[in-house]
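So the mapping is simple: this note's numbering equals the position in the sequence shown, first residue as 1, plus 4. Yeah, the Cβ is synthetic: ideal placement off N, Cα and C, and Gly gets one too. Keep in mind the model is a prediction, meaning the values are calculated, not measured. Have a look at the structure below, then the notes.
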Amino acid sequence: EATARQEAERVEQEARGRLERQKLVDEAEAEKSRRNLLELQAQSAAVESTGQAKAEAQSRAESARIEGEAAVEQARLRAQAGEIEASSELQRLKEARVAELEYNRAQNELEVNKELGKAKELATIETTKFQNMVTAIGQDTLKEIAIAGPAMQAKLLGGLGIKSTLITDGNNPINLFSTANGLMGSIAGASACNE
Numbered sequence: 005e006a007t008a009r010q011e012a013e014r015v016e017q018e019a020r021g022r023l024e025r026q027k028l029v030d031e032a033e034a035e036k037s038r039r040n041l042l043e044l045q046a047q048s049a050a051v052e053s054t055g056q057a058k059a060e061a062q063s064r065a066e067s068a069r070i071e072g073e074a075a076v077e078q079a080r081l082r083a084q085a086g087e088i089e090a091s092s093e094l095q096r097l098k099e100a101r102v103a104e105l106e107y108n109r110a111q112n113e114l115e116v117n118k119e120l121g122k123a124k125e126l127a128t129i130e131t132t133k134f135q136n137m138v139t140a141i142g143q144d145t146l147k148e149i150a151i152a153g154p155a156m157q158a159k160l161l162g163g164l165g166i167k168s169t170l171i172t173d174g175n176n177p178i179n180l181f182s183t184a185n186g187l188m189g190s191i192a193g194a195s196a197c198n199e
């Protein structure tokens, strides 16, 4: 919304600058026409009268010419000032837009870094939890469980107080939390029947 407002202000400034320049150009043209008219009037008066009247008419024409040239120069300078003002306003708007984009980029980057930090922290907690569980069971015990038959696994796990687990060959993940609830029940039932 702020960008749209700034864009609208920039467009309005440019339009005002063009309007002001056109106005100054029109004034200059009117001044030129007036000057030409005065020169023609002066020439007409010079033809009608002689001597003093001719000299006065020429001096008035010269004065009008000088005034006209001054007015044209003034109009040109006003137009140039308007153009400089419009250009500086446009530059200011561009810099404001760049600053706003930089601020938004920095905010987004901070948000992403914050989320990455949370994800890393959660991953560290989960890794530590898993390592503590493996340490608590022991590598030797896990090795024995992996190479023992189903009946021996049931006895070892029962002795450890573990009610359900799933141990794989290392190509698949190990879930020591809640998987294979029925598996342990069926293995324990089978070994009770064999005894």
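For A32, the CB contacts under 6 Å within the same chain, skipping 5 residues up- and downstream, are V76 and A79 in chain order. The count of Cβ pairs closer than 8 Å, one atom from the region 84-104 and one from the region 8-18, reaches three, so the stretches are in contact. Around the C-beta of E35, 16 or more other C-beta atoms lie within 10 Å, and the residue is accordingly described as buried. The beta carbon of G162 sits closer than 6 Å to no other beta carbon from its chain once the five residues preceding and following it are set aside.
Inclusion of A110 and Q10 in the CB contact set at 9 Å is not warranted, their separation being larger than that value. Spanning the alpha carbons of N136 and N108 requires a straight line of approximately 42 Å. A83 places its beta carbon 9 Å or farther from that of L23.
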